[in-house]
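These protein sequences, in sequence, are chains U and P. Read in order, the letters of the first sequence are residues 207 to 682 in this note's numbering. Read in order, the letters of the second sequence are residues 207 to 682 in this note's numbering. No residue lacks a Cβ here, since even glycine has one placed at the ideal position from N, Cα and C.
Number of protein chains: 2
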Amino acid sequence: MHFVRAFDQQILNSLLSHAGPSGTVADVLDWVKQRNRDVVVKINTTPFRDLRGWSFDPGTGNLRHDSGKFFSIEGVHVMVNDGHRREWMQPIINQPEIGILGIITKEIEGVLCFLLQAKIEPGNVNNVQLSPTLQATRSNYSQIHKGKKPQYLDYFQNAKRSQIILDQLQSEQGARFLRKRNRNIILTTQEDVPLSDEFRWLTLGQIKALMKHDNIVNMDTRTVLSGLAHHAFLDQLGICDFNAFIDHAGVSPMGRDLFVSELALAGCHTIDDVLFWLSGLKSNYELLVDRIPLRDVKDWQVGEFEIARPDRRFFRVIGVEVVIETREVKMWCQPLVEPMQEALCAFIIKKINGVYHFLVQAKIECGNFDVVELAPTVQCLTGSYKGGDADKPPFVDYLLDNACKHVLFDTKQSEEGGRFYHEQNRSLVVEADDAFPEQIPENFVWLTLGQIKEFLRYNNYLNIQARSLIAALDYL
Amino acid sequence: MHFVRAFDQQILNSLLSHAGPSGTVADVLDWVKQRNRDVVVKINTTPFRDLRGWSFDPGTGNLRHDSGKFFSIEGVHVMVNDGHRREWMQPIINQPEIGILGIITKEIEGVLCFLLQAKIEPGNVNNVQLSPTLQATRSNYSQIHKGKKPQYLDYFQNAKRSQIILDQLQSEQGARFLRKRNRNIILTTQEDVPLSDEFRWLTLGQIKALMKHDNIVNMDTRTVLSGLAHHAFLDQLGICDFNAFIDHAGVSPMGRDLFVSELALAGCHTIDDVLFWLSGLKSNYELLVDRIPLRDVKDWQVGEFEIARPDRRFFRVIGVEVVIETREVKMWCQPLVEPMQEALCAFIIKKINGVYHFLVQAKIECGNFDVVELAPTVQCLTGSYKGGDADKPPFVDYLLDNACKHVLFDTKQSEEGGRFYHEQNRSLVVEADDAFPEQIPENFVWLTLGQIKEFLRYNNYLNIQARSLIAALDYL
């Protein structure tokens, strides 16, 4: 049962608006491109010995900040009882703090707008991307280390319950982070919000349109927005009102079908079916993850410039000196994780009994908080699908053969530029053709959009790649 | 949204039946008492050096089985940023496997019956208690170690999806186990189920009645049954049919009010309010738990006979030789955890706007899977509420002063006798009087029974003490 809140209709209207106080989508795109040109970001690869503020711990070999804050690069020893790779060691990012990813919204000129920042991150392929109003680690917001108080932090620290549109704990990349989660918050305000240069008010529809361009909307914005549900308002409409609303708002036929899927809390399976299936998988899959010193990680070498595998697979850790030249010059050093290949993340969707279902995979990743999380149909590094057949995950061929009926979405989207260097992954949502196999492996399930949103509500069910794709769904 | 399944009505009818194929409640009680008299269980405290099959690891000092299986007693170093005790070390049970707690149900003579076992566990204060059809560790059911295949295991391993009434992953005691969870399963069958001597078919109503007696229904049975929800069937009734059903079934006035509370998915707060509140608490509370060698645990001493604190607080670990004399004699050795005091677990409930709400506490425990779990209003060791005021948790005085309006439930219930020695805790559900303070601490919330059941569905929200009390709610 869901309750219509004052802002449920506002969110829906914003979702269906391509114009707002910052102009058209093209205007916003021009502004982001202009900022990209204005900013000079120099990334100098630096030998670890010159990485100011960072050093390898003499005992463990872990790469950590001298303050003990921020994050560290450590090792894990992983054993699983499934898949072709049953045991391995790898470096992992350990950042045992829950950060805040927060967006302020406000009704402006009759439409709810989301305050985003054109933010510079050292790992971005372009320099700036649209990030949430606030991205803060606990160290940032508790002011443990020196440095300015993050802008707009007060709005989150002083928020009343009635202002909260969304407040979820969600996971980060389970293959890279050790059980890392962030608090995803959206709040609404009627107060004045002073606007700094690099901030803009955007409608939700504009943000969706911007996601159709490569690497404009950053990962943090995508994960926060993925949690927004739209069915509380639609649910109260009768079928006639629903149709009238759809027609009046200019919703596309696909958008209408997505709304119908979001209204369906039962599909091929009930929520309980899915919960029971997950209990079985979590019980039967064994995932043992032990933190180990980085120096004990086999198959990886700590070199002068990188921590990498001799076979150049997966990723490497590099040290960089970051120089950002705007009005003032900022410089710092930090490690970044650089992928060795591009990844592919894709949802295959299909109408079953007239309602779109998403083919969802329960995927084990070593940094997962709870054994498996719900992942896109395909989530793999390019290397693994170009490699031998033994490694090839299900449905990759189907995607690469372009056998699908209809491509809803196909762009490159970046991982978080504060930790990942030039990591952009191909993100796809495609509709399966009628010949698509009904038979799916036991760790896959067909879910309606309504069910996906229900699992999002309860936190820690959908992984960040799945959430990123869900955030990209557009209704116009 | 919930879907009425074929067995939803069967479960409700069973809940409201005091008679079944095993006779009356008194008959079942006589049978359990008889079995208690028939069985001789000798527990001989044994110095650790004589604990056959168990030894202290030379490196870590951890107490473990020579096979590496079962469980081990290790150490943890805990840091939290809340409460009067911010940092400590303690021994903890590490058993990184998900066990199965399973109950088979079958319709017999027109009523759905639950197959329970009068099972001997070494730590039970009496010898036998009613346990689920199957209690199996992964070692048991995957047959890694020698030993007979557990009875009835096949029913669970071969179950079809359509037979599953419930399948949840739920936590065990967070102060004693390191992130331990069990899979709680209830399935239904129409096959013949051969009945061994120590098994009986009981209705749900009978089991509830038996919980009003001290130490008859074991912890594992209570946790499995706590997950059963009754509102899917009631939900579809109009108010007239609901009232007719209540009258016809002999439901007590309190039972009616509990059904009404279970039908309420919104109360003082919506589910989203509660989820947002939990996100905030999980983000703001910091719980750092590091596994450490048992030999490094400060303030605890490993003696010849016990691992304990010199101040005799909390609990101690002892070694026992268990001798069970039935037709055959069974002997084995194992460690058991013995509490130093009796504990008190209590829910305070109160009608708010005509609907019962349960006062629920978000409680940090060091073995919790996710920082805080929803716990009863009061959950504490006797020592802490008889101790100084600084330690005294909220609402303890209210309970001990007998200021409440009405006691629904007040018995002693045991913790699991396979791990805990003579641990019986006072379990209470009481209705607050009208003078009960409206003001509650920030880590407390009023939830309807429907909301509690909804959180049970999504796993790992309610702790074992809360689930045990919820299981005891009776409607007759």
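A Cβ of chain U is located within less than 8 Å of the beta carbon of Q374(P). Here K569(P) is buried, its C-beta having at least 16 other C-beta atoms within 10 Å.
With respect to chain U, the C-beta atom of L340(P) has no partner C-beta closer than 8 Å. Contact check between the stretch 271-284 of chain U and the stretch 497-505 of chain U: three or more CB pairs, one atom from each, fall below 8 Å, which counts as touching.
The beta-bridge partner set that DSSP reports for G281(U) consists of P297(U) and I498(U). The DSSP assignment places no complete run of the alpha helix (DSSP H) inside the stretch 499-569 of chain P (cut-off: 4 residues). S467(P) places its beta carbon 8 Å or farther from that of V613(P). Annotation for H454(U): the continuous alpha helix (DSSP H) segment containing it runs I445 to A455.
Shown here, F262(U) sits in a strand according to DSSP, grouped into three states. Between the stretch 242-250 of chain P and the stretch 456-473 of chain P there are fewer than three C-beta pairs closer than 8 Å, too few to call the two in contact. According to the DSSP assignment, T395(U) belongs to no beta strand (DSSP E), since it is labelled neither H nor E. By the beta-carbon neighbour count (other beta carbons within 10 angstroms, threshold 16), P338(U) is buried. The criterion of a C-beta distance shorter than 8 Å is satisfied by I524(P) and E512(P). A Cβ of chain U is located within less than 8 Å of the beta carbon of L481(P).
No Cβ-Cβ contact shorter than 8 Å links Y491(P) with N268(P).
For D373(U), the uninterrupted beta strand (DSSP E) segment begins and ends at I370 to S377. Secondary structure note for S633(U): its beta strand (DSSP E) is the uninterrupted segment Q630 to E637.
I310(P) is classed as buried because its beta carbon has at least 16 other beta carbons within 10 Å across all chains shown.
Scanning chain P for C-beta atoms nearer than 8 Å to the C-beta of P302(U) yields L494, reported in chain order. Residue pairing for C586(P): DSSP places it in a beta bridge opposite L550(P).
By the criterion of at least three beta-carbon pairs nearer than 8 Å, the stretch 538-545 of chain U is in contact with the stretch 625-640 of chain U. The alpha carbon of Q374(P) has as its nearest neighbour, out of V528(U), S220(U) and V480(U), the alpha carbon of V480(U). Judged by beta-carbon spacing, L565(P) lies beyond the 8 Å limit of F661(P), meaning their Cβ atoms are not closer than that value.
Counted as a single uninterrupted DSSP element, the beta strand (DSSP E) harbouring Q341(U) occupies residues L340 to A342. The beta carbon of Q301(P) sits closer than 6 Å to the beta carbons of F277 and K386 from its chain, once the five residues preceding and following it are set aside; these are given in chain order. Think of a sphere of 7 Å around the beta carbon of G486(U): the chain P residues whose beta carbon falls inside it are D373, in chain order. For A450(P), same chain residues with a beta-carbon under 7 Å away, outside a window of 5 residues either side, do not exist. Nearest C-alpha to I391(U) among D403(U), E510(U), Q376(U) and E397(U): Q376(U). Apart from sequence neighbours up to five positions away, the residues of its chain that approach A381(P) with a beta-carbon distance below 7 Å are E571, C572 and G573, ordered along the chain. For A324(U), DSSP records a beta bridge to L336(U). Taking the beta carbon of Y664(U) as reference, the chain P residues within 8 Å of it are L481 and Y664, listed in sequence order. Look at I392(U): its C-beta is not under 8 Å from any C-beta on chain P.
Between P227(U) and the set F405(U), H563(U) and S489(U), the nearest pair of CA atoms involves F405(U). Counting C-beta pairs closer than 8 Å gives fewer than three between the stretch 630-638 of chain U and the stretch 649-663 of chain U, which falls short of the contact rule.
Scanning N649(U), D426(U) and N665(U) for the CA closest to the CA of Q619(U) turns up D426(U). Listed by position along chain U, the residues whose Cβ is nearer than 9 Å to that of R291(P) form an empty set, because the closest Cβ is around 21 Å away.
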